[in-house]
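Report on the following structure.
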Amino acid sequence: MIATENNATTAAKSRPASEPVQAGKKPPTQRATTPAPGKPAATSRPPSAKPSQKPKPSTPVTPSTPPVTTAAPTIPVVDQAAAGPAVAGPCKGKVIEPGDDAADVIADGAAGTTYCFAAGLHRIGTTIRPKAGQVLASSARAVLTGSVPLTGFTRDGDRWVVRGVLPAAYGKSGQCEDNVANICHLREQVFLDGAHLTRVASAGAVAPGNFYADYAANAVYIGSNPAGRSVEMSKTKTAIESGATGVVVRGLTVEHFASAPQSGALVSGPGWQVTANDVRWNHAVGVMLVKANKARIEKNLIHHNGQLGLGQYSSAAATVTRNVISENNTDGFWVADWESGGIKSTRSSGTVSGNLIKANRGVGIWADVADDGRVISGNTISGNLADGIRFEISRNGVISGNVITGNGHGTGRGSGKTLWDGGGININTSSNVEVRDNRLTGNVNGIAIQSRTRGAGPWGAYLLRDVTVTGNTVTMTGAQATGTVQNKAAPLPAGEVTFSDNDYLVDALGTKHFANLGAKLSALAWQSAGLDASSTFSLN
């Protein structure tokens, strides 16, 4: 369902040969004057309305005093210690012990019942399907696991093998970073003394720290001696899922579920509150919202999941706030352009605010395929291998007050350094988007705005229209850039993208840190083209 849309709409992030840059007209030549040391030159600040004709040259760009920093987000960003089971609070209700069949106990209970999971390891062999208003909680750091112990290994040369533990072979889905071995879709994970082993593509490649699953022979090989050690393999697909309304999931650790690509270990329904959980080391998506209108996802630790931390599909007015979403995509999904990393939403709306989103192997936050009314505000987004924020073929978005640092430096398949490849913020063929009051530093590029040929969605053709970029502080060095690019089949009308009242910190004013429809420009030429006439440009 989602895979069809994603494969059709995200495959063109990196510029193909059919998308040449169409350069804008050369701006008027101006000579910047150099002020006396320590004395800034005045910068003109005309109105920032969209121009209806070719603008007049603005005041020449000269170094200014350092700009005032953007105001701090109104929603505080959570830190590691303020999320997860440690902040879950008490639980009073029917106790579920580790040896109980939790799915059966909850299925037999009435709507609105509170269940308290006792301390210990709860093996979940069947998906728990809560009823309306039920509470599934723990004040004792209960662990729900979808894995089973592997025993009975025998030595096979310099590796060890156990047989009869795998499911029947199943089909491929998703796209992998390594599209030759193409094994990221395989769902089982193996853990040795709790450490995640890396899957390899053949028995001959097995070495310490990895494993191979041979479905034809129904055999699992590992490269370390398992004697006296714990070996576990994920097996159950999903921990908790139902369409019931108003369910609360709080204080649980959810790990080792063999979820299929684009499927979640914990799947929220409408009006759910998913709070203070630790969702980790599941094969695909940690927390998934499916038709989960008005769900609230708050103060969770969502990390080290195989594909994506959090996904949202066809869910209106959901709130994702004060979570730590980190180090997801452990199982090798395509970093640059296939639903891997921190958060991805499609055909949805709502607010993503106050989250710490860091070190994910993919995009930090990605709104894609007909998101409508997405607000991304007050987040700290750092060290993700693709864009910090990507807003793609969607509309009515607000991206404000975020701190975005060190994103987009992946070097794998499809990664790149141009504005076609993205930046700290990437607006791709979307409409009515505000990008304001963000702070961007050290990203592959600053703000990338792309006009592409992307087909049509529920409101007609996807077009780049009515984008405003204002009040942002953008630091750029080297080849980093901010600006617009377009392909020939998607020409951008004048005035549809406006830049105003931004503060740029650059390593040299003569460096071409800006692009107008693909034409690379210095700060002076950028302003001469009528862009950022009311903004300041400073030496970093």
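Okay, so the sequence shown: first residue is 366 according to this note's numbering, each after it adds one. Think of the CB as a built atom: it goes at the ideal place given N, C-alpha and C, for glycine as much as any other residue. Note that the coordinates shown come from a computational prediction; the quantities given were computed from them, not determined experimentally.
In whole angstroms, what separates the C-alpha of residue i from that of residue j?
i      : j      : result
Val832 : Ala844 : 24 Å
Ala898 : Leu886 : 14 Å
Ile741 : Val768 : 11 Å
Gly449 : Asn665 : 5 Å
Arg760 : Gln445 : 32 Å
Gly569 : Val585 : 12 Å
Gly559 : Ala855 : 50 Å
Ile471 : Ala572 : 42 Å
Thr876 : Thr842 : 9 Å
Phe864 : Ala604 : 46 Å
Gly634 : Leu750 : 30 Å
Cys456 : Val508 : 15 Å
Leu870 : Asn670 : 36 Å
Asn808 : Leu857 : 25 Å
Leu829 : Asn797 : 9 Å
Pro532 : Leu551 : 11 Å
Ala447 : Ile440 : 14 Å
Gln387 : Ala880 : With a pLDDT of 33 at Gln387, under the threshold of 50, the modelled position of that residue is not reliable, and the figure given next carries that caveat. In a straight line, the C-alpha of Gln387 is about 11 Å away from that of Ala880.
Trp637 : Lys659 : 7 Å
Gln892 : Val763 : 25 Å
Leu562 : Glu553 : 11 Å
Ile690 : Asp752 : 15 Å
Gln815 : Gly629 : 31 Å
Val513 : Glu597 : 5 Å
Ala888 : Val850 : 17 Å
Ala890 : Asn725 : 36 Å
Along the chain, where does the alpha helix (DSSP H) that runs through residue i open and close?
i      : result
Ser512 : Run containing Ser512: none in the alpha helix (DSSP H); it sits in the beta strand (DSSP E), Ser512 to Pro514.
Ala890 : Ala888 to Ser893
Look at the Cβ atom of residue i, then the Cβ atom of residue j, and state whether they are nearer than 9 Å.
i      : j      : result
Gly458 : Thr492 : no
Ile548 : Gly779 : no
Trp646 : Thr695 : yes
Asp736 : Ser710 : yes
Thr640 : Ala483 : no
Gln499 : Gly477 : yes
Gly674 : Gly707 : yes
Asn852 : Arg817 : yes
Asn803 : Gly787 : no
Arg712 : Ala683 : no
Thr847 : Ile812 : yes
Thr770 : Thr806 : yes
Asn720 : Thr686 : yes
His621 : Thr510 : yes
Asn836 : Asn772 : The sequence shown places Gly at residue 836, not Asn. Against a cut-off of 9 Å, the Cβ pair of Asn772 and Gly836 comes out as no contact.
Gly860 : Ile758 : no
Trp699 : Gly529 : no
Gly727 : Ile754 : no
Lys656 : Gly715 : no
Using 10 angstroms around the beta-carbon of residue i, count the other beta-carbons present and answer buried if the total reaches 16, otherwise exposed.
i      : result
Val460 : exposed
Lys602 : buried
Glu663 : buried
Trp703 : buried
Lys537 : exposed
Tyr678 : buried
Ser680 : buried
Glu462 : exposed
Val545 : exposed
Gly490 : exposed
Leu557 : buried
Pro495 : buried
Trp785 : buried
Ser595 : exposed
So the beta strand (DSSP E) residue i belongs to, where does it begin and stop?
i      : result
Leu805 : Arg804 to Thr806
Trp525 : Arg524 to Arg528
Ile316 : The structure shown does not extend to residue 316, since the chain spans only 366 to 905, so no value can be given for it.
Ala880 : Phe879 to Asn881
Thr479 : Thr479 to Phe482
Asn575 : Asn575 to Asp579
Val871 : Asp868 to Val871
Val612 : No beta strand (DSSP E) holds Val612; DSSP gives it neither H nor E.
Ile587 : Ala584 to Ile587
### Task
Ignoring anything shorter than 3 residues or poking outside the stretch 702 to 762, list the beta strand (DSSP E) runs there in chain order.
706 to 711, 715 to 718, 721 to 723, 728 to 733, 739 to 742, 745 to 747 and 754 to 757
### Task
Identify every run of the beta strand (DSSP E) within the stretch 614 to 641, keeping only runs that are complete inside it and at least 3 residues long; order them along the chain.
618 to 620, 629 to 633 and 638 to 640
#### Entry: Ranges of the beta strand (DSSP E) found wholly within the stretch 769 to 857, counting only runs of at least 3
The stretch 769 to 857 contains these whole beta strand (DSSP E) runs: 790 to 793, 796 to 801, 804 to 806, 812 to 816, 830 to 835, 838 to 841 and 847 to 851.
### Task
Ignoring anything shorter than 3 residues or poking outside the stretch 637 to 694, list the beta strand (DSSP E) runs there in chain order.
638 to 640, 643 to 645, 650 to 655, 661 to 663, 666 to 668, 673 to 678, 683 to 686 and 689 to 691
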